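> Quick note: the sequence shown uses the UniProt record's numbering, first residue 1, plus one each step. Where a beta carbon is used, it is the ideal one built from N, C-alpha and C, also for glycine. Given the structure is predicted, the values throughout are model-derived calculations rather than measurements.
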Amino acid sequence: MKRPLITLCLLLGSSLPAWAEADLPKADANRLQAHLQFLSHDLLEGRDTGSRGHDIAAQYMLSQFAQLGLQPAGDNGSYLQAIPFRQAYLVQDSAKLVLKGTGGETSLEYPRQYLTSASLISEVSHLQGKLVFAGYGIVAPELQHDDYAKLDVKGKVVVVLSGKPKSFPSEEGAHFGSGSEKSRHAAEHGAIGMITISTPLAEKVRPYQNLLNYLHMPSVSWLKADGEPANQQPQLKNSAYLSQEAATLLFAGAPRSLEEIYADLEQDKSPAGFALPTEIEFSKRSEHKTISSPNVAAILPGSDAKLKDEYVVYTAHLDHIGFAKTVKQDKINNGAMDNASGSSVLLETARLLSGLPQAPKRSILFLSVTGEEKGLLGADYFANHPTVPLQSMVANVNLDMPILTYEAADVIAFGANHSSLQATVADAVAKLGMSLSPDPWPEQALFTRSDHYMFVKKGVPAVFLVPGLTSMDPNVDGAKKFGEFLHTDYHKPSDELNDNFNWRAAQRFTEANLQIGLTIANDPVRPSWNEGDFFGNTFGQ
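(1) Suppose only complete runs of 3+ residues qualify. What are the beta strand (DSSP E) ranges in the stretch 351-429, listed by chain order?
(2) Is the separation between the beta-carbon of GLN218 and that of ILE121 shorter than 9 angstroms?
(3) Between GLN391 and ALA246, is the Cβ-Cβ spacing less than 9 angstroms?
(4) Between which residues of its own chain and LEU276 is the CB-CB distance below 7 angstroms, once the five residues before and five after are set aside?
(5) Hey, which unbroken runs of the alpha helix (DSSP H) at 4 residues or more fall wholly within the UniProt domain "PA" (128-228)?
(6) Shortest alpha-carbon distance to PHE323 belongs to which of LEU32, SER40, LYS431 and HIS35?
(7) Looking at the unbroken alpha helix (DSSP H) that takes in LYS481, where does it start and where does it end?
(8) Would you list the residues sitting across from GLY101 in a DSSP beta bridge?
(9) Could you name the residues of the same chain whose beta carbon sits closer than 6 angstroms to that of GLU310, not counting the 5 residues immediately before and after it, in chain order?
(10) In the DSSP assignment, what are the bridge partners of THR315?
(11) Report yes or no: do three or more beta-carbon pairs, one from the stretch 410-424 and one from the stretch 512-523, lie closer than 8 angstroms?
(12) ASP48 bridges to which residues according to DSSP?
(13) Do GLY378 and GLY459 count as a contact pair if the criterion is CB distance below 9 angstroms?
(14) Taking the alpha-carbon of SER341 as reference, which of PHE38, SER178 and LEU24 has the nearest alpha-carbon?
(15) Quick check: the Cα distance between VAL124 and SER183, rounded to an integer number of angstroms?
(16) Would you call ALA298 buried or exposed, if buried means 16 or more other Cβ atoms sit within 10 Å of its Cβ?
(17) To which residues of the same chain is SER78 closer than 6 angstroms at the C-beta, ignoring the five residues directly before and after it?
(18) Taking just the CA atoms, how far does LYS284 sit from LEU236?
(19) Tell whether a beta-carbon distance below 9 angstroms holds between ASP147 and GLY155.
(20) Report yes if the C-beta distance between HIS145 and LEU347 is below 9 angstroms; otherwise report no.
(21) Suppose only complete runs of 4+ residues qualify. What are the alpha helix (DSSP H) ranges in the stretch 231-286, listed by chain order?
(22) Given this structure, state the Cα-to-Cα distance separating ARG3 from PHE366, to the nearest angstrom.
(23) Would you kindly report the start and end of the unbroken alpha helix (DSSP H) that includes ALA506?
(24) So is ASN475 buried or exposed if we call it buried at 16+ other beta carbons inside 10 Å?
(25) Can ASP319 and GLY371 be called in contact, C-beta distance under 9 angstroms?
(26) What's the gap between the Cα of TYR110 and the Cα of PRO207?
(27) Give the straight-line distance between the Cα atoms of ALA445 and ARG504, rounded to the nearest whole angstrom.
(28) Give me the DSSP bridge partner(s) of SER125.
(29) Run through the stretch 53-92 for me and flag every whole beta strand (DSSP E) of 3 or more residues, listed as ranges in chain order.
(30) Could you say which of PRO527, LEU161, LYS289 and GLN507 lies nearest to ASP28 if we only look at CA atoms?
(31) According to DSSP, what are the bridge partners of ASN295?
(32) Classify LEU115 as helix, strand or coil using the three-state DSSP reduction.
(33) Inspect the beta-carbon positions of GLY50 and SER293 and report whether they are closer than 9 angstroms.
(34) Determine the direct distance from the alpha carbon of ARG52 to that of LYS331, and round the result to whole angstroms.
(35) Evaluate GLU287 with the Cβ neighbour count: other Cβ atoms within 10 Å of its Cβ, from every protein chain shown; 16 or more gives buried, anything less gives exposed.
The structure is reproduced here in structure tokens:
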């Protein structure tokens, strides 16, 4: 009896009743598995940004969108949005850093005592100048914090602590404490270089020794119309990250020792800045290469005469990290969970939505982005070069590394608490007998760490969706399963298709994703930031 009622609704031009929305088609486990098997296959060689393997994966996404009859939303009537990138590789033996202080000259040893990345601005970098300690290097008027107050750093090299004060709210603090924000403020205050120093907390969270694994990773940026790399600070001629051992040398003969500053941090005090009695001379060479890698974009047009000009944006990154350089046998980082899983869910969601008897009221934009692993670059490029009007994007639902090894009874939507999307997501998943759980790791500020954040920075409310930690099977510990993947397989060749995948979990998560997008698309009121929310106030349209 249900189908005649649905047909009648369509003939009368009305929207589907609530119970019909809950009776949506089921996700197909075979299709999800087939997508994931192809996208994580060895032949794609880890889908590194700009690689042949990633190009093959993009063609696969394109072909799937085309089969569904979705409209191209890339460049010039195609599904692809080609992005020019600059890759910069550090010439490893070229880094030379000398400190000149009251006790004479000291050459630091790379990479044991300091790390530096390739310059995207210049192939030959040289920095020489006096050092000034500038606390955390943070300017956050919303939190009554300004490390540059009464500090003259013009023409000098700033030395800043890594991270942020403990008292800062986690997500807002992640924004203010990001490297991009610190570099911007350093340049705006006239600095010519920036040195970041490790802290006791940084050593606990991400030990200096672990950073050595990334020595050979290139710096990458998308290129602006003038051919220059985006989001860079040309005024900063060089930068480095110092170990605690090397950082101590900067403060020799200074008004305060590094130990005293670390003691301040333990009490959550923000140490005031001061000039250091040390100069630095620092040079390196970088090799530049121009590459291209595409986003893939497609649109399911909406059915409502007015709301079809607004878009719900689904995103999932297609790229991964390519070949491992420190593994002797299996060197391919297949990226099955990260993020062939999210890309497969995106494709199955597109199939389900495009097959409905009536399209959602708002249009749906499906966006498979490149360069996430290089710094959210594909999403950033799209947010700055949108193929639909930016103000028409009402919400972003991001899929990044859903852990599909257990059937979850709940979902986590990082960032939902900042907007009306919290109620929307909760209502949507309730139709499936699921619940919305709060962020279990607020201290990690995951809301700022995936592609959706590039849309947030353009004022678009967003959620980063993953399965929750509560398993449908009381004998399965979801949190343990989640943690096992992160500890054993994350960014390793072992992240490949295997028997650990639970295809019922993949179905259930896809159906939750479908319900969320459909609920947003059919809501007569577009999502809004919560009153007084930091991200809404800072970036809201």
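In short, the structure shows the following:
(1) Taken in chain order, the unbroken stretches of beta strand (DSSP E) that lie wholly in the stretch 351-429 and span 3 residues or more are 363-369, 393-399 and 410-414.
(2) Note on identity: in this sequence residue 218 is Pro, with Gln being the wrong assignment. Contact flag unset, no.
(3) 9 angstroms or more divides the Cβ of GLN391 from the Cβ of ALA246.
(4) Taking LEU276 as the centre and dropping the five residues before and after it, the same chain places the C-beta of LEU131, VAL132, PHE133, VAL159, LEU250, PHE251 and ALA254 closer than 7 angstroms to its C-beta, in chain order.
(5) Qualifying alpha helix (DSSP H) stretches, in chain order: 170-176, 179-188, 200-205 and 208-211.
(6) Of the listed residues, the one whose Cα sits closest to PHE323 is SER40.
(7) Unbroken alpha helix (DSSP H) run through LYS481: 478-488.
(8) GLY104.
(9) Cβ neighbours of GLU310 within its own chain (closer than 6 angstroms, five residues either side excluded): ARG362, SER392 and VAL394.
(10) Paired residue(s): LEU367 and ASN398.
(11) A contact exists between the stretch 410-424 and the stretch 512-523.
(12) Partner(s): HIS320.
(13) Cβ atoms of GLY459 and GLY378: not closer than 9 angstroms.
(14) Nearest option by C-alpha distance: PHE38.
(15) Going by the C-alpha atoms only, they are around 20 angstroms apart.
(16) ALA298 counts as buried, since no fewer than 16 other beta carbons sit within 10 angstroms of its beta carbon.
(17) Excluding the 5 residues flanking it on each side, SER78 has same chain C-beta neighbours closer than 6 angstroms at PRO72, in chain order.
(18) Approximately 14 angstroms, taken between the alpha carbons.
(19) At least 9 angstroms separates the beta-carbon of ASP147 from that of GLY155.
(20) Taking 9 angstroms as the cut-off, the beta carbon of HIS145 is found no closer than this to the beta carbon of LEU347.
(21) Within the stretch 231-286, the complete alpha helix (DSSP H) runs of at least 4 residues are 244-250 and 258-266.
(22) Here the model assigns ARG3 a pLDDT of 38, short of 50, so the residue's position is not dependable, and the following value carries that caveat. For ARG3 and PHE366, the distance between alpha carbons rounds to 28 angstroms.
(23) Per DSSP, ALA506 belongs to the alpha helix (DSSP H) from 503-522.
(24) By the 10 Å Cβ count, ASN475 comes out exposed.
(25) Yes. Within cutoff.
(26) Taking the straight line from one Cα to the other gives about 16 angstroms.
(27) Spanning the two alpha carbons is a distance of roughly 29 angstroms.
(28) Its beta-bridge partners are LYS284.
(29) Those beta strand (DSSP E) runs which fall completely within the stretch 53-92 and span 3+ residues are 80-90.
(30) Taking only the C-alpha atoms, the option nearest ASP28 is GLN507.
(31) According to DSSP, which records beta bridges pairwise, ASN295 is partnered with GLN81.
(32) Residue state, collapsed to three classes: strand.
(33) It is a contact, given that the beta carbons lie within the stated cut-off.
(34) If I take the Cα positions, the gap works out to 16 angstroms.
(35) It counts as exposed.
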